[in-house]
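Chains as they are written, first to last, in our numbering: chain A, 52 to 213; chain B, 12 to 174. Heads up, the beta-carbon is just placed ideally off N, CA and C, and yes, glycines get one too. All of these numbers come straight from a predicted model, not from anything done at the bench. Comments concern the structure below.
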Amino acid sequence: MKNPEEILQILKENFPDFNLELKTDQPTEALVIASALEIDKLSLFLRDTSDLLFDSLMNLSGVDEPKNSLLSVYYHLESTTLKHKITIKVSTDRNKPEIPTVSEVWKAADWHEREAYDLFGIIFLNHPDLRRILMPYDWDAGYPLRKDYENPEFYQGMKVPY
Amino acid sequence: MGFLDKEFTDGNIVIAKAEDLLNWARLSSLWQVSFGLACCAIEMMATSASHYDFDRFGVIPRPSPRQADIIIISGTVTLKMATRIKRLYEQMPDPKYIISMGSCSNCGGPYWEHGYHVLKGVDRVIPVDVYVPGCPPRPEALLEGLLKLQEKIRNESMIKKSA
Chain A
52 MKNPEEILQI LKENFPDFNL ELKTDQPTEA LVIASALEID KLSLFLRDTS
102 DLLFDSLMNL SGVDEPKNSL LSVYYHLEST TLKHKITIKV STDRNKPEIP
152 TVSEVWKAAD WHEREAYDLF GIIFLNHPDL RRILMPYDWD AGYPLRKDYE
202 NPEFYQGMKV PY
Chain B
12 MGFLDKEFTD GNIVIAKAED LLNWARLSSL WQVSFGLACC AIEMMATSAS
62 HYDFDRFGVI PRPSPRQADI IIISGTVTLK MATRIKRLYE QMPDPKYIIS
112 MGSCSNCGGP YWEHGYHVLK GVDRVIPVDV YVPGCPPRPE ALLEGLLKLQ
162 EKIRNESMIK KSA
C-alpha cells in the first residue's frame with residue numbers, strides 16, 4: 052500500500068518529462084494532475100508496475116470548467132491487491148477536447164468514455180466505438196452537461212422544455 | 012300488455028340496456044399491458060401483488076399490446092422511450108385507455124426544469140384518460156385511478172358521440 056506522495060514519486064521517477072502535480076488540499080482523495088496527451092502511457096504504467104498495480108478503474112467522469120475554458124476528465128483508480136487509491140485529473144482545451152482513450156488499459160473505460168463523450172463532447176482518441184450511449188443517436192442539440200448547454204425546442208416533434 | 016310479459020316469469024332474467032351491459036363487461040375485464048418504467052413500476056407491481064390485488068377488479072397483466080385495453084405509464088418517460096411508448100400505444104386495439112401514473116409521466120416530475128432527457132408529460136405523445144398524482148403514488152392511489160377509469164368507461168356511450 053502506497054500513499055499519494057509515494058505514488059507521485061514513482062511516477063515522477065519514471066516519467067521525468069511529464070508535468071505531474073499533486074493536490075492534497077481536497078475534500079476527497081489526493082489528486083494527481085497530468086496533461087491530457089500523456090494519459091495513455093501513464094495509465095498502462097499505473098496498471099502494470101508491481102508497486103502500483105492499479106487494476107481497477109472505479110470511475111471516469113467528465114467535468115466542464117468554463118472559467119478556465121477547459122474540459123477535464125477524472126480517473127478514479129484503485130488497486131484491489133495493494134488496496135491503495137489515487138485520482139488522476141487531466142484537462143483539455145474546451146474548443147478542441149481530445150484525450151487518448153484508456154479503454155485498452157481498463158475495459159471499464161469503454162462505456163465511461165462514451166458517456167463522457169455523449170454528455171461533454173470530449174473526443175477520446177483511438178476509442179474503438181465512440182458513439183452516444185445515453186442520449187438518442189440522432190440527438191444533434193449538443194452535449195447536455197456542458198455549462199452553456201441549452202435544450203432544443205423540439206426533438207422528433209416532441210416539445211422538450213416544460 | 013306486451014308480448015314479452017310471459018317470457019320473464021321464470022326468473023333468472025335481468026333486463027338491462029345493451030350499452031350498460033357491454034360497458035359493465037368492458038370495465039370489469041381491463042387487460043393491462045405489462046409495462047413499467049421506473050420507481051412507479053415497483054408500486055404498480057405492488058398493486059398487482061396479493062396485498063392490494065389488482066386482479067379483483069379484473070385487471071390482468073398482458074404481455075402483448077395487441078390484446079390489451081389499458082396501459083399504465085408508470086415512471087419517467089425519457090425522450091428516447093417516448094417514441095417507443097407511442098409505438099406501443101399504436102399497437103393496442105381500440106378502445107384503449109391510458110393511466111398516467113406519477114409525477115414524472117404526468118408532467119416531468121423532478122426533471123421538469125433541468126431534465127434535458129425527460130418528456131415533460133406523456134400526454135405530449137399519447138392521450139391520457141386518468142392522471143394519478145404522487146411520487147410515486149401509493150398502490151391505493153393507483154387503485155383509485157383505476158376506479159376513476161372504470162367510472163369513465165361506465166358512462167361511455169357507443170351510440171352517442173363523446174365530446
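Which of helix, strand or coil DSSP assigns to residue i
{"i": "residue 113/B", "result": "helix"}
{"i": "residue 125/B", "result": "coil"}
{"i": "residue 188/A", "result": "coil"}
{"i": "residue 144/A", "result": "strand"}
{"i": "residue 164/B", "result": "helix"}
{"i": "residue 203/A", "result": "coil"}
{"i": "residue 142/B", "result": "strand"}
{"i": "residue 117/A", "result": "helix"}
{"i": "residue 124/A", "result": "strand"}
Any non-hydrogen atom of the ligand MN within 7 Å of residue i CB
{"i": "residue 207/A", "result": "What this structure holds is no ligand at all, so the ligand MN is not there to describe."}
Nearest-angstrom Cα separation, counted from residue j out to residue i
{"i": "residue 133/B", "j": "residue 57/A", "result": "55 Å"}
{"i": "residue 195/B", "j": "residue 61/B", "result": "This structure cannot settle anything about residue 195/B, because the visible part of chain B is limited to 12 through 174."}
{"i": "residue 161/A", "j": "residue 93/A", "result": "17 Å"}
{"i": "residue 147/B", "j": "residue 149/A", "result": "42 Å"}
{"i": "residue 49/B", "j": "residue 87/B", "result": "6 Å"}
{"i": "residue 73/A", "j": "residue 155/A", "result": "25 Å"}
{"i": "residue 100/B", "j": "residue 165/A", "result": "32 Å"}
{"i": "residue 39/B", "j": "residue 47/B", "result": "22 Å"}
{"i": "residue 80/A", "j": "residue 130/B", "result": "37 Å"}
{"i": "residue 104/B", "j": "residue 132/A", "result": "58 Å"}
{"i": "residue 55/A", "j": "residue 137/A", "result": "7 Å"}
{"i": "residue 145/B", "j": "residue 114/B", "result": "6 Å"}
{"i": "residue 153/A", "j": "residue 159/B", "result": "55 Å"}
Residue j beta carbon less than 8 Å from that of residue i
{"i": "residue 143/A", "j": "residue 87/A", "result": "yes"}
{"i": "residue 89/B", "j": "residue 125/B", "result": "no"}
{"i": "residue 110/B", "j": "residue 81/B", "result": "yes"}
{"i": "residue 55/B", "j": "residue 92/B", "result": "no"}
{"i": "residue 130/A", "j": "residue 108/A", "result": "no"}
{"i": "residue 135/A", "j": "residue 209/A", "result": "no"}
Cβ neighbours of residue i in the same chain (closer than 8 Å, five flanking residues each side left out)
{"i": "residue 194/A", "result": "169, 170, 171, 172 and 200"}
{"i": "residue 206/A", "result": "187, 190 and 192"}
May I have a chain-ordered list of the beta strand (DSSP E) segments no shorter than 3 residues that lie completely inside the region 37 to 82 of chain B? 42 to 44 and 71 to 73
Runs of alpha helix (DSSP H) wholly within the region 67 to 105 of chain A (minimum 4 residues, chain order): 90 to 99
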